[in-house]
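Residue numbers for the first sequence follow our numbering, beginning at -18 and rising by one.
Where a beta carbon is used, it is the ideal one built from N, C-alpha and C, also for glycine.
Have a look at the structure below, then the notes.
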Amino acid sequence: MGFQKPPGTQDILPGNSELWQFVEKTARDLCRRYRFNEIRTPIFEATELFKRGVGETTDIVEKEMYTFEDRGKRSMTLRPEGTAGVVRAYVENKLFGEPDLTKLYYIGPMFRYERAQAGRYRQFHQFGIEAIGSSDPALDAEVIALGYSFYRELGLTGVTVDLNSVGTPAVRAVFREKLLAFLLPMKDSLCKDCQSRIERNPLRVLDCKVDQDKFTNAPSIIDSLDEECTVHFARVKECLDEMDIPYNLNSRLVRGLDYYTHTAFEYKAQGIGAIDTIGGGGRYNGLVAEVGGDDQPGVGLGLGLERTLLLLESQGLKPNLDNGADVYIVALGERAEKAIPALLQQLRNAGLSAERDYLGRKTKAQFKAAERNRARFAAVLGDDELDRGEISLRGMTSGEQQAVKLENLAEAIHTFISIEEKGNNNS
RNA sequence: GAGACCAUGGCGAAAAGGCGAACGCGGCGGAUUGUGACUCCGUUAGUACCAGUUCGAGUCUGGUUGGUCUCCCCA
């Protein structure tokens, strides 16, 4: 039975694409106000970029990448996240030479090879922003604020911000030793997952859902932060407080990508199956250099749009955003039918949305089609009207009808619509 | 990568192994209507795929492909 879409992908169909446009528009308008400008980078990059940027030992690179060899025998990978590509473009296009810092945003598909579940797909979409060229903690706070505002302006409730500082690589190395000293003695009492996590990523053990009570006395990374990290983190919190952005300090927050330094944060919400993280980000001060550029600091975020949409749905915030047609032309008879193309063109040139029947349907079915198109007006054309050079214009809901000169159809509809809107504004 | 559950028209939804696979919505045609809306009549189209068990499979078994969900991890 034909072809099926690849596993873990989705067709976004009319009726749903309008909601996507609404969400994207919200993101773009927010970026306009925060002065982030759009960048569009390729959806595939050299595999090495992600290995270097995201980190060789991350789950993403180890087992989730869509990697293929192109015909020139180069290893390419569909982007699993947005930051590496943006940073590559920043370096390659020498944006560090610009006098101001670089504030970029993107909206687009990302790819990770995972088993799909609620809110997780192999092709998913992210809205992300990146600010490169400043280590000002006020910028960290601004990035967090933008993401928070995104959810708020969409009307979502119950979105919280988890905040942590993961320090610098040096700080993490020290903390890792402290943590291992705490964990290794109790290794045998831990769950299977954690026992294997101790080797790969001990910081993540503290996130374990099974053994939380055992970790109450675990060392906190906050206590391991050096002077610089502490000062930076304090200022981020201060800015958030002053901006009225609420957050939960979560010293166990760890991100899945290696490039984060200092600030790390996640947006969380309930309502999407087992998943509660809907977006996240942080500062990445070593990444630009890692990718081969100047040692420029950066901070950014990535928000999952599928998860945003699911959350909108679970909170009953799924407006019908299709405005419907202004006019549906109903032709009665062959001669009238011949006059439709010119009429449609007149209407569309005048800025109206207009539709007709193309399936040779009977009158009754044409009116039903007009309803499906949620047309405001039906323009009904019969042979006798045609002979008089007129067409009858009928309000689909009011049923009111009046004859209009064919050449004045668009104008008449514009007039009616503006009257209608005036009425709505008064009431 | 591991596991659980599921798969019937365009959509929803029945059928305890047994007539030609209900019913509803939708679509199309017709009656009625001054050229739609209510009502009535007619009609349309389906057991995901491949094997097997059986006299007989939508129903049981195995496999495949998808979907949903969970673990892992993340967006």
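(request) Determine the contact status of valine 67 and isoleucine 20, defining contact as a CB-CB distance below 7 angstroms. (result) Numbered from its first residue, the first sequence carries residue 67 at position 86. Numbered from its first residue, the first sequence carries residue 20 at position 39. Yes.
(request) Note the first and the last residue of the continuous beta strand (DSSP E) segment covering alanine 27. (result) In the first sequence, residue 27 corresponds to position 46, counting from 1. Element bounds for alanine 27: 25 to 27.
(message) Quick check on asparagine 74: buried or exposed, where buried means 16 or more other Cβ atoms within 10 Å of its Cβ?
(response) Reading the first sequence from its first residue, position 93 is the one you call residue 74. Exposed: under 16 other Cβ atoms inside 10 Å.
(message) In the DSSP output, which residue or residues are listed as bridge partners for arginine 264?
(response) Translated into positions along the first sequence, residue 264 becomes position 283. Paired residue(s): Thr242, Val280.
(request) Kindly indicate the opening and closing residues of the alpha helix (DSSP H) around glycine 66. (result) The residue you call residue 66 lines up with position 85 of the first sequence. Element bounds for glycine 66: 64 to 73.
(message) Tell me the DSSP secondary structure of isoleucine 88 in three-state form.
(response) Taking the first residue of the first sequence as position 1, residue 88 is located at position 107. In the structure shown, isoleucine 88 sits in a strand (DSSP, three-state: E or B).
(message) My output table needs one value for isoleucine 372: the three-state DSSP class, helix, strand or coil.
(response) Numbered from its first residue, the first sequence carries residue 372 at position 391. Strand.
(message) Quick test of your reading: leucine 367 and alanine 317, contact by CB under 8 angstroms. State the CB separation rounded to the nearest angstrom.
(response) Looking up residue 367 in the first sequence gives position 386. Looking up residue 317 in the first sequence gives position 336. Contact flag correct, Cβ pair sits at about 5 angstroms.
(message) Is the beta carbon of alanine 122 closer than 7 angstroms to that of cysteine 12?
(response) Within the first sequence, residue 12 is the residue found at index 31, counting from 1. Within the first sequence, residue 122 is the residue found at index 141, counting from 1. Their beta carbons are not under 7 angstroms apart, which means cysteine 12 does not touch alanine 122 by this criterion.
(request) Tell me whether the beta-carbon of phenylalanine 92 lies closer than 7 angstroms to the beta-carbon of leucine 59. (result) Here residue 92 refers to the residue found at position 111 of the first sequence. Here residue 59 refers to the residue found at position 78 of the first sequence. Cβ distance < 7 angstroms, so phenylalanine 92 and leucine 59 count as in contact.
(request) Grab the span of the beta strand (DSSP E) containing isoleucine 113 for me, first residue to last. (result) As a first step, residue 113 is located in the first sequence; it is residue number 132 there, counting from the start. Residues 104 to 113.
(request) Have a look at serine 379 and leucine 291 and give me their C-alpha separation to the nearest angstrom. (result) Sequence index remark: in the first sequence, residue 379 carries index 398 (1-based). Sequence index remark: in the first sequence, residue 291 carries index 310 (1-based). Each residue's alpha carbon lies about 37 angstroms from the other.
(message) Helix, strand or coil for aspartate 117? Go by DSSP, reduced to three states.
(response) Reading the first sequence from its first residue, position 136 is the one you call residue 117. Coil at aspartate 117, not helix or strand.
(message) Taking its Cβ as the centre, do 16 or more other Cβ atoms sit within 10 Å of isoleucine -7, making it buried, or is it exposed?
(response) On the first sequence, residue -7 is found 12 positions in, with the first residue counted as 1. With fewer than 16 other Cβ atoms within 10 Å, it is exposed.
(message) Beta-carbon within less than 8 angstroms of isoleucine 226's beta-carbon, same chain only, minus the 5 sequence neighbours each way: which residues are those?
(response) Counted from its first residue, the first sequence places residue 226 at position 245. So the list reads Ala122, Ile125, Ala126, Tyr129, Val142, once near-sequence residues are dropped.
(message) I need the straight-line Cα distance from serine 440 to leucine 184, nearest angstrom please.
(response) A question about residue 440 goes unanswered here, because the residues of the chain that appear run from -18 up to 408.
(request) Using three-state DSSP, classify serine 232 as helix, strand or coil. (result) In the first sequence, residue 232 corresponds to position 251, counting from 1. In the structure shown, serine 232 sits in coil (DSSP, three-state: anything other than H, G, I, E or B).
(message) Can you give me the C-alpha to C-alpha distance between glycine -4 and arginine 375, rounded to a whole angstrom?
(response) On the first sequence, residue -4 is found 15 positions in, with the first residue counted as 1. On the first sequence, residue 375 is found 394 positions in, with the first residue counted as 1. C-alpha separation (whole angstroms): 26 angstroms.
(request) Take the Cβ of threonine 38 as the centre, count every other Cβ of all protein chains shown within 10 Å, and call the residue buried at 16 or more, exposed below. (result) Position 57 of the first sequence, counted from the first residue, corresponds to residue 38. Exposed, since its Cβ has fewer than 16 Cβ neighbours within 10 Å.
(request) For glycine 285, name the three-state secondary structure that DSSP assigns. (result) Reading the first sequence from its first residue, position 304 is the one you call residue 285. Glycine 285: strand per DSSP, three-state reduction.
(request) Run the CB neighbour count on leucine 165, radius 10 Å, all protein chains shown included, and call it buried at 16 or more, exposed below. (result) Position 184 of the first sequence, counted from the first residue, corresponds to residue 165. Exposed.
(message) Let me make sure I understand the geometry here. Which of Leu324, Val280, Leu340 has the alpha-carbon closest to that of lysine 386?
(response) Indexing the first sequence from 1 puts residue 386 at position 405. Lysine 386 has its Cα closest to that of Leu324, out of Leu324, Val280, Leu340.
(request) Note the first and the last residue of the continuous beta strand (DSSP E) segment covering leucine 362. (result) As a first step, residue 362 is located in the first sequence; it is residue number 381 there, counting from the start. From DSSP, the beta strand (DSSP E) with leucine 362 extends over 358 to 362.
(request) Could you check how far apart the C-beta atoms of glycine 34 and threonine 83 are, in whole angstroms? I think they sit under 8 angstroms. (result) Position 53 of the first sequence holds residue 34. Position 102 of the first sequence holds residue 83. About 17 angstroms separates the two Cβ atoms, so there is no contact after all.
(request) Enumerate in chain order the residues of its own chain whose CB-to-CB distance from glutamine 327 is below 8 angstroms, with the five nearest sequence positions on each side excluded. (result) Looking up residue 327 in the first sequence gives position 346. Around glutamine 327: Glu388, Leu390, Ala391.
(message) Mapping the DSSP letters down to three states, classify serine 334 as helix, strand or coil.
(response) Sequence index remark: in the first sequence, residue 334 carries index 353 (1-based). Reduced to three states, the DSSP call for serine 334 is coil.
(request) With a cut-off of 8 angstroms on the beta carbons, I'd call tyrosine 94 and methionine 46 a contact; round off their distance for me. (result) By 1-based counting over the first sequence, the position of residue 94 is 113. By 1-based counting over the first sequence, the position of residue 46 is 65. Contact holds; Cβ gap of about 7 angstroms.
(message) What residue range does the beta strand (DSSP E) around isoleucine 310 cover?
(response) Walking along the first sequence from the start, residue 310 turns up at place 329. Looking at the DSSP string, the run of the beta strand (DSSP E) that includes isoleucine 310 is 308 to 312.
(message) I'd like the list of long-range same chain contacts for serine 334, defined as Cβ closer than 6 angstroms, with 5 residues on each side in sequence excluded.
(response) Walking along the first sequence from the start, residue 334 turns up at place 353. Taken in chain order, the residues that qualify are Ala306, Asp307.
(request) Would you check if the distance between the CB atom of aspartate 342 and the CB atom of isoleucine 321 is smaller than 7 angstroms? (result) Your numbering for residue 342 matches position 361 in the first sequence. Your numbering for residue 321 matches position 340 in the first sequence. Residue 342 is actually arginine in this sequence, not aspartate. Taking 7 angstroms as the Cβ cut-off, arginine 342 and isoleucine 321 do not qualify as a contacting pair.
(message) Less than 7 angstroms between the beta carbons of leucine 135 and threonine 258, yes or no?
(response) One-based indexing of the first sequence puts residue 135 at position 154. One-based indexing of the first sequence puts residue 258 at position 277. The answer is no: Cβ separation not under 7 angstroms.
(message) Quick check on the DSSP output: the alpha helix (DSSP H) that includes leucine 0 runs from which residue to which?
(response) Along the first sequence, one-based indexing puts residue 0 at 19. Taken as a continuous stretch (DSSP letters only), the alpha helix (DSSP H) holding leucine 0 covers -2 to 15.
(message) Using CA atoms only, rank isn't needed, just tell me which of Asn182, Ile41, Gly274 is closest to leucine 234.
(response) Here residue 234 refers to the residue found at position 253 of the first sequence. Closest by alpha carbon: Asn182.
(message) Quick check: what's the CA-CA separation for glutamate 275 versus asparagine 18?
(response) Locating residue 275 in the first sequence gives position 294, counting from the first residue. Locating residue 18 in the first sequence gives position 37, counting from the first residue. Just to set this straight, residue 275 is aspartate in the shown sequence, not glutamate. The alpha-carbon atoms of aspartate 275 and asparagine 18 are separated by roughly 21 angstroms.
(message) Give the list of continuous beta strand (DSSP E) stretches no shorter than 3 residues that lie fully inside the segment 120 to 208.
(response) 141 to 146
(message) Taking its Cβ as the centre, do 16 or more other Cβ atoms sit within 10 Å of glutamate 287, making it buried, or is it exposed?
(response) Taking the first residue of the first sequence as 1, we reach residue 287 at position 306. It is buried - the Cβ of glutamate 287 has at least 16 other Cβ atoms within 10 Å.
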